[in-house]
Amino acid sequence: MAGIGFELKKLFDEDMYTKRASAYLYSAVVAAGPWLLTVITLNILNILADNLFIDIIQKDLFMGTIIYSFIFSQILVSPLQMMMTRYIADKLYEKKYKLIGGSFIGVLKMALFIGLLLVIIYYYGKNISLSYKILAGLFFLTITSIWVFMIYLSAIKNYKIILIAFFSGSLFSIISAVGLLNSSIYINFYNEAFKILLAFTMGLIVTGSILFLKILKTFHFTGSYSYDFIKSFSKYSILLFIGLFYTVGLWIDDFIIWFSNLGIDVFNTYRFAPIYDNAIFWAYLTIIPTITLFLVNIETEFYVKYKKYYGLIKKNATLESIKNAEDDMVRVLFKEIFYTIEIQAILTIVFIIISGQVFSFLGYPVLVREIFQITALGALCNAFLLIVILVMLYFEARLFAFFSSALFLIGNSFWTYYFLNKGENYFGFGYFIGALISFLVAFLLLILFIKNITFYTFSSQPIFLKNKNLIWNKLIKLIKKYQFKKIRILNYFDKNFVKIIILTIIVISSILMFKKPEKEYGYKQDKKIKKENSLEGREKISPDNY
Amino acid sequence: MIVCIIAEGSYPYISGGVSSWVNQLIKDLDEIEFKIFSIMPEMDEKLSYKYNIPENVSKIETISLQDYKKYNPKPKNFDTKLSTIERVNIKKFLRFDKTINWDIFVNAVTRKSKVGNPIQFLHSEYFWNNIKDLYIENYDEEGFNEFFWTLRSMFLFFMTLIQETLPKADLYHSVSTGYSGFLGLIQRIKKQKPFLLTEHGIYAREREEEIIQSSWVKGIYKKMWIDFFYFIANGAYKKADIVVSLFERNKKFQLEHGADYDKTVVVPNGIDIEIYNVNKINTEKKNIGAILRIVPIKDVKTLLRSFKIVTDDFNDANLFLIGPYDENPKYYKECLKLIKNLSLEDRVIITGKVDIEKYLGFIDVMVLTSISEGQPLVILESMAAKIPFVATDVGGCKELLYGKDSENIKKAGVIVKPVSPVKTATAILNILKDDNLAKRMGENGYKRVQRYYQKKYFINKYKNFYDSLVK
């Protein structure tokens, strides 16, 4: 992770306005790419589809698929995210490039395998058509793969390709959505939902393919080191939990709210709370400036000081010069943190003030705006918490980072649950308070840590190493025993990917096109049941249907 | 009575002067139960007992320098719970300050409840602050990373040793200072049991020589390590109930480094003189003998060079190198090369490990060119066999060959400067050329051994020490 900033510093050394702008843009994409991708494209698709959806339940079905795939793929990949970033950074440092390529295959296979299992288990027996299930599964696996690609591409600092990939993917989604929705093809009774999801999926496949090809061209693939990364589990296993706890903590309030009276049920398949989720999605959009500022300012200015400090220690400098470098580094660190907090606080306030107008322009119900206003504050705290956790990881204070992320998960769950019964005026308060407390505690921990930074830097180094890779080596053996022996497909894909994509699209579309429309009555019955059960309640709260 | 012998790098795994001495002591005091606590650099399968362990040894425990590995390298944080006076004494310890109160220090650092386990202690903020203060006081021009790691590694094994539990015994007998002596000191304080310290060589000085020559310790850290060994030797001298040396020169050293005059005693080695009373075999050629292990400390190269000079006058003389040569193969090879370069291949006989009695009959003069010695048994053995001796002026050699001032027995050989082939050769030649002188020296040697260096004397002395300390 630390490497990204240094590359950026180079960008900034050339003091040109355009260069600076592009640097900000790149880092925004790196940090917030997923958000930009999903929220902006989704909103465009939404606006496009708004007039075309025959009834609200199709829109909900589509939204449910998007929300579930997005959230759960992120949770699925989150444990590996920090872990693999660290692994790649280590291997880049050790110049063991073969292991990086190998680990990519291993991680991707592992993520897709678990993802596929989740898809099968989750959609099995659910009350929607098989074709929609397959498409939703494909969508989920595509997002999962993109997360994995992003880990590798941000580690090698290739921002341009990320930008291109997302832009082409989004464009492709929008164009194909327009095309599909305006065509007279009737796919099945979830016609519009299916078409829009298909368009979105295809766009993501385009994004994913571009990223994937770039990775294939960048790394060596021998296939024999696929699971070497598991060895580093023993050293960095705590990173798995930091990633997982933070990400689950990020969404736990949503999960709780889904089961409140804001929640709706779609074909017994998805249960979510459109009002809350929408507000939260918008709230997260507001913290993109923080993440950008953090990446650019802290990672560039701070990273130079950081490098100097550790360089001096390594080079066996005197304690006095180490101390000076430490003071310098700490000063820059806090200056940048407070600067980021200031800017973000001002921006968040501005967003909250203008949210009234923007949301009424977009036609959202008042409740969305109210929840947005409080969750924007929560997102603010959450962004700072993330910064603190990342800074802790820079300093190898993994235990502190673990504690902070665990506290966030617990706090967010507790307070959201606590405010659940207080009525709809308090939705979002749990998230805000949970994030605020964990940020404050984490920040305190960071201050305590920084105060003693040189002590921790020296004394945390183990005096000797214990060889305890045995369990992990066994796991690697086990996986290797059951994996598919020959992975020629990857090379084949590299050479013939255009053919394969076209072929896949033809196969899928032909299956879907020639499939007979399913029985109308089933759909109508479903619709009736839904209306009776949960839709009524929801419509009472939000007559405008956001 | 149970006596626990604390040995470092010797008994029962490494053969040599100290080990043989320990084995002899145990064998002859067969009414006493012995336990052995052996400190070894590393523990592997290759280590085996080099002695037939006498039946009165009830237990042998071994600790290796890698023993800290039994602790978790990522310890739980431990905040030391120490009183002000304990902190003061630990501070003194880290500064090698001889005014330390050992009792307070030992009672603090041996308790896991006060300082945590060794790894926890080395990771603690308390240790860190001490190291930092020490650095700022004395070493602030040095690189800090190296300083930190040197101190950590210095105390890593040391702390492990401090918290080690030794077998129960009525008396603890360390057979050197260093780690062994320090363990004795700890038992003296922790278990309130008598502590007897025997020093064959001078451990701290041997370490000093080793450290000065070593390449793995650099710059100021050489001095730090040396000071450290002198410091813990000082502690052992102070806390031991009886400090024993083999000869006057070492006793003087011990007194200079903190041992109390009243409890410092000289007990020389002793041998069974009857074994060495062998019949002389007359040979035409002159035979020169050296009973030694082929290792650098014995300076075999000087011996070979002086022998080369001797062959100028006696071109058919033989040199017998009697003893094992597998301890330091590199040095052994160098010696073989030197023999070849001096074209002495036909004149030098390397016997390997043998019974020396067979050779004593026909050796005309014994030589020892060591650069460091304690009180070599080989000199005693040669003296018992009435063979004149040429030895370097190290350790107790001079005292053995020339006698103490109070004696009226004359010289049993010649003392020469270390690393001087010409002087050694001259001394050898003088003896070889003058049969009368050789005979007189042989007789003098025999008389001195008979009077002062018999095994039964030293065994009795130790029996008395044990009895008087354990009432």
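Chains H and F supply the protein sequences, listed in that same order.
What the first sequence shows, in the numbering used here, is residues -6 to 539, in sequence order.
What the second sequence shows, in the numbering used here, is residues 2 to 472, in sequence order.
Positions of the beta carbon are idealized from the N, C-alpha and C atoms, including for glycine.
To the nearest angstrom, report how far apart residue i and residue j are at their CA atoms.
i	j	result
H/GLY201	H/PHE132	11 angstroms
H/LEU355	H/ASN36	10 angstroms
H/PHE187	H/LYS102	27 angstroms
H/PHE193	H/LEU278	20 angstroms
H/PHE55	H/SER163	17 angstroms
H/LEU413	F/ILE132	54 angstroms
H/SER348	H/LYS210	44 angstroms
H/VAL343	H/ILE336	11 angstroms
H/SER147	H/SER124	34 angstroms
F/ILE86	F/TYR136	22 angstroms
H/SER398	H/LEU379	9 angstroms
H/THR78	H/TYR61	25 angstroms
F/ASP171	F/CYS5	8 angstroms
H/PRO455	F/LEU378	46 angstroms
H/LYS478	H/LYS119	Residue confidence for H/LYS478 is low, a pLDDT of 46 falling below 50, so the modelled location carries little weight and cannot support an answer.
Who are the neighbours of residue i on chain B, taking C-beta pairs under 7 angstroms?
i	result
F/ARG153	Absence of chain B from the displayed structure is noted, the protein chains being H and F.
Answer yes or no: does any C-beta atom of chain F fall closer than 9 angstroms to that of residue i?
i	result
H/PHE451	yes
H/GLU313	yes
H/PHE388	no
H/LYS89	no
H/LYS307	yes
H/ALA310	yes
H/PHE448	yes
H/ASN540	Any property of residue 540 of chain H remains undetermined from this structure, which presents chain H solely from -6 to 539.
H/PHE412	no
H/ILE440	no
H/SER20	Unreliable placement is indicated for H/SER20, whose pLDDT of 49 sits below 50; no coordinate value is reported for it.
Would you say residue i reaches chain H, if we count a Cβ-Cβ gap shorter than 9 angstroms as a contact?
i	result
F/SER125	yes
F/TYR50	no
F/SER146	The question names Ser, but residue 146 of chain F in the sequence shown is Asn. Yes, its Cβ sits closer than 9 angstroms to a Cβ of chain H.
F/PHE149	yes
F/TYR238	no
F/ILE64	no
F/LEU157	yes
F/LYS281	no
F/LYS75	yes
F/PHE509	With chain F represented from 2 up to 472, any question about residue 509 of chain F goes unanswered, as that position is not in the structure.
F/ASP141	yes
F/LYS70	yes
F/ILE163	no
Looking at the structure shown, is residue i part of a helix, part of a strand, or coil, going by DSSP?
i	result
F/HIS124	helix
F/PHE390	strand
H/PHE265	strand
F/MET367	strand
F/PHE315	coil
F/ALA8	strand
F/GLU475	This structure gives no information on residue 475 of chain F, because the portion of chain F shown stretches from 2 to 472.
F/SER175	strand
F/LEU167	coil
F/LEU186	helix
H/ASN310	According to the sequence displayed, residue 310 of chain H carries Ala and not Asn. H/ALA310: coil per DSSP, three-state reduction.
F/ILE357	coil
Rounded to whole angstroms, how far is the Cβ of residue i from the Cβ of residue j, which I believe are closer than 8 angstroms?
i	j	result
H/ILE273	H/TYR410	Between H/TYR410 and H/ILE273 the Cβ distance is about 16 angstroms, and since that is not below 8 angstroms, they are no contact.
H/MET385	H/PHE393	5 angstroms
F/ILE221	F/GLU143	6 angstroms
H/GLY427	H/PHE407	7 angstroms
F/LEU401	F/ILE388	Not a contact, Cβ separation roughly 13 angstroms.
Hey, is residue i close to the ligand ADP, as in C-beta under 8 angstroms from one of its heavy atoms?
i	result
F/PHE321	Although the ligand ADP was asked about, the structure shown includes no ligands whatsoever.
(request) Note down, in chain order, all residues in the segment 208 to 235 of chain F with a beta-carbon under 7 angstroms from any beta-carbon belonging to chain H. (result) Legend: CB atoms of the segment 208 to 235 of chain F lying less than 7 angstroms from CB atoms of chain H are not found in any residue.
(message) Give me the subset of the segment 18 to 46 of chain F whose CB atoms are less than 8 angstroms from a CB atom of chain H, sorted by chain position.
(response) Hits within the stretch: zero.
(message) At a CB distance below 8 angstroms, what residues from the segment 89 to 123 of chain F approach chain H? Give them in sequence order.
(response) Answer set for the segment 89 to 123 of chain F: ILE120 and LEU123.
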